[in-house]
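Let me begin by presenting the structure, written as structure tokens, before commenting on it.
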Amino acid sequence: MRFAKDPFQFMAASTLIRITVRRVDTLTDLLEGMKKCTDASIFNHTFQSLEQHHFLTERFSNDFAQWALAACNEPRLAEQLASLDIRQYADLATLRADLINTMETYLHEVPDAARRKGFEPFHFCEAITVAVPTAWQAKTLAEFCEGLRHVSVHTVHYHLVAARLREPLAVNDFSFWFEESLGLKGLADRIDQIDIYTNTLEGMRQHILEEAAPWLET
Amino acid sequence: MAGNVTTPLVRSPGKVASLEDYFSVVGPTEVEEIRALAGRLAGRSVKMVNSTSVGGGVAEILNRTVPLLCDVGLSCEWSVITGGNDFFEVTKAFHNALHGAPYDPPPKAFELFLSYSEQNLQHQSFGADFVVIHDPQPVALIKARRSHPSHWIWRCHIDVSNPNPLVWNFLAQFVSRYDAVLISSPNFTRPLPIPQYLIFPCIDPLSQKNQELEADFIRKTLERFSIDPKRPILTQVSRFDRLKDPVGVIQAYKLVRNYKDCQLILAGGGASDDPEGGQVLAEAREAAGGDPDIHILDLPPWSALEINALQRASTIIIQKSLREGFGLTVTEALWKKKPVVASAVGGIPLQVIHKLTGVLAHSVEGTAYQIRFLLSNPSIAARLGENGHEHVRENFLITGNLKRYLLLFLILQNNAQRARNSAD
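So the protein lines, in turn, are chains A and B.
According to our numbering, the first sequence holds residues 47 to 264 in order.
According to our numbering, the second sequence holds residues 2 to 425 in order.
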């Protein structure tokens with residue numbers, strides 16, 4: 047049985063939403079909002095929104111995409127915004143630039159859509175996350191699996207999704223620990239490939255447990 | 002001239018709630034996480050202030066939240082401001098004006114409001130670490146904030162997105178002196194110089210309105226009201242109020258009946274002590290036109306278990322409001338895994354995500370169509386109900402409300418600490 051160099055500490059993460067006074071009614075205003083809003087807003091409407099309706103996979107998890115579809119009836123723009131995979135980004139500035147570029151290109155091609163009022167307004171919000179250690183800590187893969195079975199889906203989101211913006215950048219906490227502390231690069235790569243968009247957070251938890259099972263004997 | 006006031010401290014009646022009571026509903030992990038957050042605030046004190054200890058959603062929420070805050074290790078007290086009828090007439094007028102109703106406030110209204118606020122100030126003490134003031138009635142108590150390093154929070158339970166400007170401007174001078182405002186929907190924000198946070202209204206899954214019921218009690222409740230348990234039941238639970246559009250519900254039911262056999266329940270109260278309620282009830286009865294499958298039930302305020310049973314017995318729950326605050330009757334229905342057909346007004350779209358946690362409609366015809374659709378597709382209706390239940394578990398339960406308060410207190414405490422550190 048492999049023992050980790052450093053134990054894995056599962057964190058309980060809870061989020062409070064701060065509502066900014068930036069409210070928009072058109073896609074032009076949404077674009078302006080994307081340029082001026084805080085990084086915390088970009089995070090909230092892309093990374094955090096994956097958690098907010100984590101039990102639903104039928105809707106776009108990116109709030110900008112969902113609003114473009116549901117309020118503005120612009121499905122092509124919605125699909126383009128939703129296709130920006132947050133796993134490709136290690137910083138919010140690059141993600142913001144790509145969101146803006148997608149919007150500008152679309153509104154150039156479909157200028158009529160720019161000023162049409164949405165069915166409902168879009169409010170820019172910010173996510174404020176507070177993380178505290180849980181009682182679950184792992185020194186082996188078996189202990190990790192035991193901990194993962196017990197923690198909440200918010201903990202799964204914190205370590206698997208939001209982690210990509212924390213040091214070390216662009217990797218989820220689980221994969222980083224598997225590779226760096228247990229030397230299980232193969233498992234780390236498999237976990238990093240999990241589709242976070244088409245699975246629920248509960249589904250992701252099960253997926254990780256299934257992927258880890260064959261490695262328990264190593 | 003304002004009369005004398007006293008400020009009673011509220012004690013929660015009955016059994017004191019413990020977080021562990023919610024184990025079976027939200028699971029041990031959620032309970033552990035709440036306790037872990039609360040551990041960071043151990044020994045801190047909280048004072049909640051509102052204008053009534055009984056009746057109304059705010060008192061209901063405080064009745065549970067205050068004991069739960071104590072249970073997780075904070076010291077929490079709840080007090081109620083008092084005032085004469087003249088004060089509450091003014092605050093009722095303010096309430097309606099904040100909802101956008103026309104109101105030309107006499108100058109004395111503001112004087113009277115301030116006069117009662119001064120008297121309440123003399124009878125209250127504000128040494129708690131966190132002071133949470135609920136709604137406009139006690140908002141001017143912020144004047145007590147002096148040198149004590151308390152955090153002051155204004156919890157606004159009403160929609161102030163389109164207020165009477167005179168009333169709002171008067172209140173805003175107090176609101177802007179708080180550290181934070183808590184609102185129930187992003188749509189309710191106002192331009193303010195202080196942070197605004199989202200805290201949803203909530204239901205208590207262990208209350209009489211929401212607790213699990215024996216099948217036998219549900220059956221007997223239907224029997225008592227002569228409702229056939231074997232045929233589909235459509236239900237709207239609401240006060241008899243024009244804004245809840247009971248006549249529109251009956252019209253939608255009649256359209257559905259052209260295609261599907263079903264019964265309709267309109268269950269509510271407020272008709273006996275509200276002249277307009279009586280009139281709306283009469284209009285609904287006239288619209289029903291003697292149809293034996295329309296059951297109009299004017300229930301007394303102590304009918305929580307009966308309402309619960311009627312909701313649980315229903316095939317579909319309707320909420321065809323023309324305007325709505327948050328719509329906690331929708332939350333109750335979703336919690337009971339019921340498919341909901343509701344209007345896209347107020348806080349309802351936050352709860353009913355179209356075709357995912359229920360369906361939204363915009364007219365009598367749309368409401369009727371969506372009901373027919375769900376009656377024809379029971380598996381889709383069941384999936385909406387399951388999703389709706391999860392949505393409520395995640396966002397609209399009293400445990401989530403407790404967690405968000407703890408988060409807010411931690412955030413304010415951390416912000417203040419950071420400000421002190423940077424000043425040093």
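Ideal placement from N, C-alpha and C gives every residue a C-beta, glycine not left out.
- Identification of residues in the region 157-180 of chain A having a C-beta nearer than 8 Å to some C-beta of chain B yields Glu166, Pro167, His169, Cys171, Ile174, Val176, Val178, Pro179 and Thr180, given in sequence order.
- Assigned with DSSP and collapsed to three states, B/Leu265 falls in strand.
- The residues Val342, Val360 and Ala362, in chain order, have a CB closer than 6 Å to that of B/Gln371 in the same chain once the five nearest residues on each side in sequence are set aside.
- Three or more Cβ pairs closer than 8 Å define a contact, and the region 184-191 of chain B meets that threshold against the region 155-170 of chain B.
- In this structure, the alpha-carbon of B/Asp72 lies about 19 Å from that of A/Thr180.
- DSSP assignment within the region 219-260 of chain A yields no whole beta strand (DSSP E) run of 3 residues or more.
- The Cβ neighbour count for B/Gly44, taken over all protein chains shown within 10 Å, is under 16; the residue is labelled exposed.
- For A/Arg64, the nearest beta carbon of chain B is closer than 8 Å to its own beta carbon.
- Secondary structure at A/Arg69: strand, using DSSP grouped into helix, strand and coil.
- C-alpha of A/Lys81 to C-alpha of A/His91: approximately 14 Å in a straight line.
- DSSP, reduced to helix, strand and coil, places A/His203 within a helical segment of the structure shown.
- Pairing B/Asp425 with B/Ser322 gives a Cβ-Cβ distance that is not under 8 Å.
- Residues of the region 181-198 of chain A with a Cβ closer than 8 Å to any Cβ of chain B, in chain order: Ala181, His196, Val197 and Ser198.
- Rounded to whole angstroms, the gap between the alpha carbons of A/Ala143 and B/Val47 is 43 Å.
- The alpha helix (DSSP H) runs lying completely inside the region 176-237 of chain B and spanning 4 residues or more are 216-225, given in chain order.
- Contacts with chain A at 8 Å (Cβ-Cβ) do not include B/Glu21.
- Between the alpha carbons of B/Asp299 and B/Gly270 lies a gap of roughly 5 Å.
- Think of a sphere of 7 Å around the beta carbon of A/Val207: no beta carbon from chain B falls inside it, the nearest being about 16 Å out.
- Sixteen is the threshold: when 16 or more other Cβ atoms of the shown chains lie within 10 Å of the Cβ of B/Gln264, as they do, the residue is buried.
- Under the rule that a run must span 4 or more residues, the alpha helix (DSSP H) segments found entirely inside the region 282-362 of chain B read 305-314, 329-336 and 349-352.
- Put simply, the backbone Cα of B/Asp229 is about 31 Å away from that of B/Val26.
- Interface annotation for the region 206-226 of chain A against chain B: empty, criterion Cβ-Cβ distance under 9 Å.
- For A/Ala216, the secondary structure class from DSSP, reduced to helix, strand or coil, is coil.
- The region 197-213 of chain B makes contact with the region 392-406 of chain B; the number of CB pairs closer than 8 Å reaches 3 or more.
- By the neighbour-count criterion, in which a residue is buried when 16 or more other Cβ atoms sit within 10 angstroms of its Cβ, B/Tyr198 is buried.
- Contact annotation for B/Thr83 against chain A: no contact, minimum CB-CB distance about 32 Å [criterion: below 8 Å].
- Legend: CB atoms of the region 111-139 of chain A lying less than 7 Å from CB atoms of chain B are not found in any residue.
- Comparing alpha-carbon positions, the option among A/Gln98, A/Ile65, A/Gly193 and A/Asp71 lying closest to A/Thr84 turns out to be A/Ile65.
- A/Phe49 sits away from A/Val197, with the two beta carbons spaced by 8 Å or more.
- With respect to the 8 Å criterion, B/Val365 and B/Gly290 are not classified as neighbours on the basis of their beta carbons.
- Per DSSP, B/Met49 is one residue of the beta strand (DSSP E) stretching across Ser46 to Asn51.
- Residue pairing by DSSP places A/Ala173 opposite A/Ile63 in a beta bridge.
- Counting only runs that start and end inside the region 82-111 of chain B, the alpha helix (DSSP H) elements of at least 4 residues fall at 86-99.
- B/Val168 is positioned such that its CB atom lies closer than 8 Å to that of B/Leu99.
- Within the DSSP secondary-structure output, A/Met57 pairs in a beta bridge with A/Pro179.
- Annotation for B/Ala382: Pro340 and Leu375 place their beta carbon closer than 6 Å to its own, counting only its chain and skipping 5 residues before and after.
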